[in-house]
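S.K.: So that we are looking at the same thing, I have put the structure below in structure tokens.
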């Protein structure tokens, strides 16, 4: 059954309207009609809903069953990644959403080759947010991860007070004789906690950045004996957290 996120919540009678791209998708692509059912997500809850009226650019639906069982990660994980090259952000957002990521904060790291273009940045963030929405619909989530506008390293540090647990993927820690294994870090986490995990771009975080993050309370973690690509490391962490908590 197709899943759609409502822009406006159900009204007091349990009715809602789906328009825009989703409305067109229902009518023109899926060719649904009155009596067909969809799953509509509103305020973090999913409901089986029936199409009761066809509109010019969408449909009106009526809530039937629900809320359905939610499948969100018990721990809220936000991924902060140094700006990578090419379309790697697209991959991290899409696969990260499937693996339960709650949000992503791209930031300009010392070793980031890509420089963020503020003039074109708005459209890029919109595209990433659309990727997150489509991935959330595909994997039947009830929350769309939030993709933040890329920030500076200093601005990233200003966000730490909003999280319960702070983690940093540190390549040098992984090479040390006594690495801080990810399994040990996860044992000290609890359901409903919020986590901010920082990953560097290609080339990793600089030693200065790593030291500043540690001084700010970030705990280093080793993601196994192999060096992972910048787009692979966040997915490794999310997979490990899913195994631990789900």
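In the working numbering, the protein residues as written are 23 to 268.
The beta-carbon is built from N, C-alpha and C at its ideal position, and this holds for glycine as well.
All values reported here derive from a predicted model rather than from experimental measurement.
Could you check whether residue 154 and residue 115 sit closer than 7 Å to each other, using their CB atoms as the reference points?
M.R.: For the purposes of this step, residue 115 is identified with residue 93 of the chain shown, where counting begins at 1. For the purposes of this step, residue 154 is identified with residue 132 of the chain shown, where counting begins at 1. Cβ distance < 7 Å, so residue 115 and residue 154 count as in contact.
S.K.: In this structure, what does DSSP give as the bridge partners for residue 64?
M.R.: As a first step, residue 64 must be located in the chain shown, where it is residue number 42. DSSP, once it has assigned bridges, lists 67 as partnering residue 64.
S.K.: Taking its Cβ as the centre, do 16 or more other Cβ atoms sit within 10 Å of residue 159, making it buried, or is it exposed?
M.R.: Stepping through the chain shown from its first residue, residue 159 is reached at position 137. Looking at its Cβ environment, which holds 16 or more other Cβ atoms inside 10 Å, residue 159 is buried.
S.K.: Rounded to whole angstroms, what is the Cα-Cα separation between residue 70 and residue 24?
M.R.: Residue 70 sits at position 48 when you count from the first residue of the chain shown. Residue 24 sits at position 2 when you count from the first residue of the chain shown. So the two alpha carbons sit approximately 10 Å from each other.
S.K.: Please state whether the Cβ-Cβ distance between residue 215 and residue 97 is less than 7 Å.
M.R.: Indexing the chain shown from 1 puts residue 215 at position 193. Indexing the chain shown from 1 puts residue 97 at position 75. Yes.
S.K.: Please list, in chain order, all residues of the same chain as residue 175 whose beta carbon is under 7 Å from its beta carbon, the five residues on each side excluded.
M.R.: In the chain shown, counting from the first residue as 1, residue 175 sits at position 153. These residues qualify, in order along the chain: 129, 130, 131, 231.
S.K.: Would you give the residue range spanned by the beta strand (DSSP E) that residue 101 belongs to?
M.R.: Position 79 of the chain shown holds residue 101. First-last of the beta strand (DSSP E) with residue 101: 98-104.
S.K.: Return the chain-ordered list of same chain residues with a C-beta closer than 7 Å to the C-beta of residue 258, the five sequence neighbours on each side being excluded.
M.R.: To locate residue 258, count along the chain shown from 1; it is residue 236. Cβ neighbours of residue 258 beyond the five flanking positions: 245, 250.
S.K.: Does the distance from the C-beta atom of residue 133 to that of residue 247 stay below 7 Å?
M.R.: For the purposes of this step, residue 133 is taken as residue 111 along the chain shown, with counting starting at 1. For the purposes of this step, residue 247 is taken as residue 225 along the chain shown, with counting starting at 1. Cβ distance not < 7 Å, so residue 133 and residue 247 don't count as in contact.
S.K.: With residue 81 and residue 73 assumed to form a contact (beta carbons below 8 Å), what rounded beta-carbon distance in angstroms separates them?
M.R.: The count along the chain shown starts at 1 and reaches residue 81 at position 59. The count along the chain shown starts at 1 and reaches residue 73 at position 51. Between residue 73 and residue 81 the Cβ distance is about 5 Å, and since that is below 8 Å, they are a contact.
S.K.: Helix, strand or coil, according to DSSP, for residue 51 in the structure here?
M.R.: Indexing the chain shown from 1 puts residue 51 at position 29. Residue 51: helix per DSSP, three-state reduction.
S.K.: Along the alpha helix (DSSP H) that carries residue 89, what are the first and last residues, could you check?
M.R.: Here residue 89 is taken as the residue at index 67 of the chain shown, counted from 1. Segment: none, residue 89 is in no alpha helix (DSSP H) and carries neither H nor E.
S.K.: DSSP three-state label for residue 32, please.
M.R.: To locate residue 32, count along the chain shown from 1; it is residue 10. Reduced to three states, the DSSP call for residue 32 is coil.
S.K.: Check whether the Cβ atoms of residue 166 and residue 242 sit closer than 7 Å, and answer yes or no.
M.R.: Here residue 166 corresponds to residue number 144 of the chain shown, with the count starting at 1. Here residue 242 corresponds to residue number 220 of the chain shown, with the count starting at 1. For residue 166 and residue 242, no; Cβs fall outside 7 Å.
S.K.: Restricting to Cα atoms, I'd like to know which of 209, 161, 137 is closest to residue 123.
M.R.: Stepping through the chain shown from its first residue, residue 123 is reached at position 101. Looking at the Cα atoms, 161 is the closest of the given residues.
S.K.: With residue 267 as the anchor, note down where its alpha helix (DSSP H) starts and where it stops.
M.R.: Here residue 267 corresponds to residue number 245 of the chain shown, with the count starting at 1. From DSSP, the alpha helix (DSSP H) with residue 267 extends over 255-267.
S.K.: Give, in chain order, every unbroken run of the alpha helix (DSSP H) that is at least 4 residues long and sits entirely within the region 134-190.
M.R.: Complete alpha helix (DSSP H) runs here, min 4: 140-160, 175-179.
S.K.: Could you tell me which residues DSSP pairs with residue 217 in its beta bridges?
M.R.: Position 195 of the chain shown, counted from the first residue, corresponds to residue 217. DSSP lists 99, 187 as partners of residue 217.
S.K.: What residues in its chain sit with their C-beta under 7 Å from that of residue 260, if we drop five residues either side in the sequence?
M.R.: As a working note, residue 260 is residue 238 in the chain shown. So the list reads 99, 118, 121, 122, 123, once near-sequence residues are dropped.
S.K.: At which residues does the beta strand (DSSP E) containing residue 130 begin and terminate?
M.R.: Residue numbering aside, residue 130 sits at position 108 when the chain shown is read from its first letter. Start and end: 125-130.
S.K.: Considering Cα atoms alone, identify which of 137, 103, 44 is closest to residue 227.
M.R.: Along the chain shown, one-based indexing puts residue 227 at 205. For the residues 137, 103, 44, the minimum Cα distance to residue 227 belongs to 103.
S.K.: Classify residue 143 as buried or exposed, calling it buried when 16 or more other Cβ atoms lie within 10 Å of its own Cβ.
M.R.: To locate residue 143, count along the chain shown from 1; it is residue 121. It counts as exposed.
S.K.: Can you look up residue 59 in the DSSP assignment and give me helix, strand or coil?
M.R.: One-based indexing of the chain shown puts residue 59 at position 37. Strand.
S.K.: Can you give me the Cβ contacts of residue 194 inside the same chain, cut-off strictly under 8 Å, excluding the 5 residues immediately before and after it?
M.R.: Position 172 of the chain shown, counted from the first residue, corresponds to residue 194. Taken in chain order, the residues that qualify are 229, 232.
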